[in-house]
């Protein structure tokens, strides 16, 4: 299989911590201390805060004064990925592809507050301009000086896979030499309300992502970025992206590989878990990382970052908690050698789409 | 850069204030008809009634008008898609045997346009989730793919006002890469109170019909609608004997990296996008027959864009069609690409509606009257919030 892109840098900020070291620890089963986000009425929302305090090490505090949470997350993720890759000066040959499920939801609601509280004529222009879905990518490009193509995408669960598809095509066509590609989503109270109304209280005290019979998901938030280059520019040992395929469940065969470790996007939602059972043959080696990130649309970007780290180390991650085995897959224990073929990331959407990304070691 | 194979445009669908389909819109523009009006689907508390270009209900197919389980944005997208498939000679069932990608741009279609829900929530109520479920069902590209039972890549572009242009450029790259056999590409957006309030808050909305590139312009008028282009590889189109209406010759995009809402004063990103698109297409500026400009009617946009057009394409006629459609945000680039193809076919462009007096600060003027054009290549460009700039180069079928 041919290589589409090499992963040169990784930048992550999530409820488990910030940066590659924190990611590595989380994959080994040792996530950083969780900071719960209080939900409406002060009860635990179930979501762990993605802390952007580290951003001040990269960006002047003054330039962050009016920056909302989701833009801070995006900028921090991008800065971390650039640092990991050793790139200090972005330019016109670098592009940005950023996916998001719900966009700047907190800012959108704050904009609504501005005219609900004070009348239509008092709508806040600052909040409005920051509420547009591409504001995080635009703020990122402005602050870091990335003048190449800049694209924002939004289609819920397959957003991040779609971003990877476009980023690899940009490299293949020579539009850019490097692409920052990632996903970002933030938690807000209204999301928490919708979550509670839709799913009620979880059926288990912890997330059991591979349990296809119970609803155990917790909301999550964060940002994950990868810095991609053409494979020829990659260093030995980098992870490479070999393919990104998208389609409809029930359409043409998805071509799920049996010779790779499959990282399922299962994150504790019973309904989606059923779709994974339909797609993934029995006996396949699978794992899930949804218990680390929490559940949010663009978590596949974290799965991709994790795959890059795992391919560097050559070992499987800590296995997800399982109370019983309602499926017939094989879940490898932590530290087992990865299959030589590499890793496959599989994500399904509530709308019946799937996305499969294949990665291996260069 | 890899010299790309142009994607063939084999079908076009369009619905906007100017017409229920592309021929109707072209007729009304040729006759210089435009009908901005105060919003009818929502009320506002602004002392002035800023006009909009709304799509009349009777432009929307009756069965789609009744689909209140979907956002209007998505219904516009479905209406334009149906038209495009008829125009291309594709039966929807035949597409289910192929890999068909859907790439659509939008703004409102992905925004949390949930004012009533949120008012109830803020008031301590427990609002029903139907509003949220409708939003989740209505992601434009995903919904079009699902409604037609298609199997292939799906992408909803949320690049603000350049989304439709970007979506067409991206879909063309899918065909070149063999990611799909056919691609449906375009954009869709609806008028809504939240966006209406937002643009007024930025003080870039005109309380009169908009006047793109005019010395006395005061801002934009919002609009709504959708356009979808059926794209196929030239070989595939030829194999099925399809009529090729145009070709997507080139695409370029770049970010100003300057300001969230104001264009770079020298048009840095726009110049870069033009340069990329021209290089991609192998087209020289002198070969361009006309330019369908972004031309929103805001002082900043038109000044920067007009200056760049005048410097890069001093001999090339340009126009803005937003005087007929309003600014349809995520749909604008797609609707204007559709108009660009129709103008290439007709060999004629309409008058740039709203323009009357030249602005000495721009150094160039759009076509004040309808005129014939010569040549088989045209450009359509978009500038967007966030400093995004995107350019499509479209060629006549014989190009």
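Chains as they are written, first to last, in this note's numbering: chain D, 17 to 378; chain P, 896 to 1294.
Even for Gly, the Cβ is constructed at its ideal location relative to N, Cα and C.
Here residue 920 of chain P is not near residue 927 of chain P, since their CB atoms are 8 Å or more apart.
As the crow flies, the alpha-carbon of residue 1030 of chain P is around 7 Å from that of residue 965 of chain P.
In the DSSP annotation of this structure, the continuous segment of the beta strand (DSSP E) that includes residue 1283 of chain P starts and ends at 1283-1291. Chain-ordered, the chain P residues with CB closer than 9 Å to the CB of residue 132 of chain D read 1010, 1013, 1014, 1017. Around the beta-carbon of residue 22 of chain D, 16 or more other beta-carbon atoms lie within 10 Å, marking it buried. Note on geometry: alpha-carbon atoms of residue 1255 of chain P and residue 1202 of chain P lie some 10 Å from one another. In the three-state DSSP reduction, residue 118 of chain D falls in the coil class, being neither helix nor strand. Remark: C-beta atoms of residue 27 of chain D and residue 93 of chain D approach each other more closely than 8 Å. Annotated as proximal: residue 63 of chain D and residue 237 of chain D, with beta-carbon spacing under 8 Å. Taking 3 residues as the minimum length, the beta strand (DSSP E) runs contained wholly in the segment 1015-1078 of chain P are 1049-1052, in order along the chain.
One Cα belongs to residue 174 of chain D, the other to residue 197 of chain D, and the distance between them is close to 14 Å.
Chain D places no beta carbon closer than 8 Å to that of residue 1116 of chain P, leaving this residue out of the contacts. No Cβ of chain D is located within less than 8 Å of the beta carbon of residue 1087 of chain P. For residue 307 of chain D, the closest C-alpha among the options D:40, D:34, D:47 is that of D:47. The beta carbon of residue 35 of chain D lies closer than 6 Å to those of 96 in the same chain, with the five residues before and after it left out. Taking C-beta atoms under 8 Å as the contact rule, residue 1148 of chain P and residue 1285 of chain P qualify, at a distance of about 4 Å. If you check each beta-carbon in the segment 1160-1172 of chain P against every beta-carbon of chain D, the ones closer than 8 Å belong to 1163, 1164, 1167, 1171. In the displayed model, residue 192 of chain D falls within coil according to three-state DSSP, outside both helix and strand. Taken in chain order, the complete alpha helix (DSSP H) segments of 4 or more residues contained in the segment 1183-1234 of chain P are 1194-1207, 1217-1220. Using a Cβ distance threshold of 8 Å, residue 1189 of chain P and residue 1278 of chain P count as a contacting pair. Unbroken alpha helix (DSSP H) runs of no fewer than 4 residues, entirely contained in the segment 75-129 of chain D, are found at 85-101, following chain order. Here residue 1213 of chain P is buried, its C-beta having at least 16 other C-beta atoms within 10 Å.
Within the segment 300-360 of chain D, the beta strand (DSSP E) runs of at least 3 residues that lie entirely inside it are, in chain order, 302-304. A straight-line Cα-Cα distance of about 10 Å links residue 99 of chain D and residue 74 of chain D. Non-local C-beta neighbours of residue 1289 of chain P in its own chain, meaning closer than 8 Å and more than five positions away in sequence, comprise 904, 1141, 1142, 1143, 1144, 1232, 1235, 1236, 1239, 1272, 1273, 1274, 1275, ordered along the chain. Straight-line spacing of the CA atoms in residue 1050 of chain P and residue 117 of chain D works out to 12 Å. Residue 377 of chain D sits in a strand when the DSSP states are folded into three classes. If you check the CB distance, residue 114 of chain D and residue 200 of chain D come in under 8 Å.
Residues of chain D whose Cβ lies closer than 9 Å to the Cβ of residue 910 of chain P do not exist, since the nearest Cβ in that chain is about 22 Å away. Taking every protein chain shown into account, the CB of residue 1098 of chain P has fewer than 16 other CB atoms within 10 angstroms, so this residue is exposed. Residues are counted here when their Cβ sits less than 9 Å from a Cβ of chain D; for the segment 1249-1281 of chain P these are 1279, 1280, 1281, given in chain order.
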